[in-house]
Ligand code: FES
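In the numbering used here, the protein residues as written are 782 to 940.
Below, the structure is given as structure tokens:
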């Protein structure tokens, strides 16, 4: 068992609570999250939301930085294909994330990132996406890059 796997197994035993960074596009997914909130839908509080104007504003460097700084998972959510307010931003993001996923595979992190679509009227879907993501990351355990003394988990400043 590698150090990361041992840490993951330990995290599951210790009631591990995943920390997920969620990049949500302003026009659809953020509004969907807002609808989930005003509808009082229940979903796990493990997500820290960052509002971006379009999913295409999420650069691979943002995802990598979040994962290296202690996030156990990263969720990117935008408008459904064909609905992007900037016409084809979400198509661009889909291509970019597919390429990033291949690179993250080398570090064992590909499974910790997800791209999905949530519209402004899909509060229920947003709650389900977050619930599924939290359960998925919980089953993986803590990120191997989430080390004690570095990143937001320990309250320290990453090197
Ligand atoms: S504006 Fe929502 S994905 Fe582009």
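Ideal placement from N, C-alpha and C gives every residue a C-beta, glycine not left out. No experiment lies behind these values; they were computed from the predicted model shown.
Member of 893, 899, 847 whose CA lies at the smallest distance from the CA of residue 817: Selected option, being the one with the closest Cα: 899.
Tell me which same chain residues have a C-beta within less than 7 Å of the C-beta of residue 885, skipping the five on either side of it? If we look at residue 885 and ignore the five residues flanking it on each side, its Cβ neighbours are 891, 894.
Please confirm whether residue 857 and residue 896 have their CB atoms less than 8 Å apart. Between residue 857 and residue 896, the CB-CB gap stays under 8 Å.
Ordered along the chain, which non-local residues of its own chain (more than five positions away) have a Cβ less than 7 Å from that of residue 812? In chain order, 901 place their CB closer than 7 Å to the CB of residue 812, counting only its own chain and leaving out the 5 sequence neighbours on each side.
Would you give the residue range spanned by the alpha helix (DSSP H) that residue 851 belongs to? Residue 851: not part of any alpha helix (DSSP H); DSSP gives it neither H nor E.
Who are residue 898's beta bridge partners in DSSP? Note: residue 898 sits in a beta bridge opposite 859.
Once you ignore the five residues that flank residue 912 on each side, which residues in its own chain have a CB closer than 8 Å to its CB? Cβ neighbours of residue 912 within its own chain (closer than 8 Å, five residues either side excluded): 824, 825.
Return the CA-CA distance between residue 821 and residue 923, expressed in angstroms with no decimal places. CA-to-CA, the gap between residue 821 and residue 923 works out to about 29 Å.
In terms of residues, what are the limits of the alpha helix (DSSP H) holding residue 907? Note, residue 907: alpha helix (DSSP H), 904 to 921.
Would a C-beta distance cut-off of 8 Å place residue 801 and residue 853 closer than the cut-off? Yes, they are a contact pair.
CB-CB under 7 Å to residue 814, same chain, minus the five flanking residues each way: which ones, in chain order? 805, 830, 907.
For residue 844, three-class secondary structure by DSSP: Three-state DSSP puts residue 844 in a helix.
Opening and closing residue of the alpha helix (DSSP H) in which residue 839 lies: Where residue 839 is concerned, there is no enclosing alpha helix (DSSP H), given that its DSSP letter is neither H nor E.
Indicate whether residue 827 and residue 910 have their beta-carbon atoms separated by less than 8 Å. Going by C-beta atoms, residue 827 is not nearer than 8 Å to residue 910.
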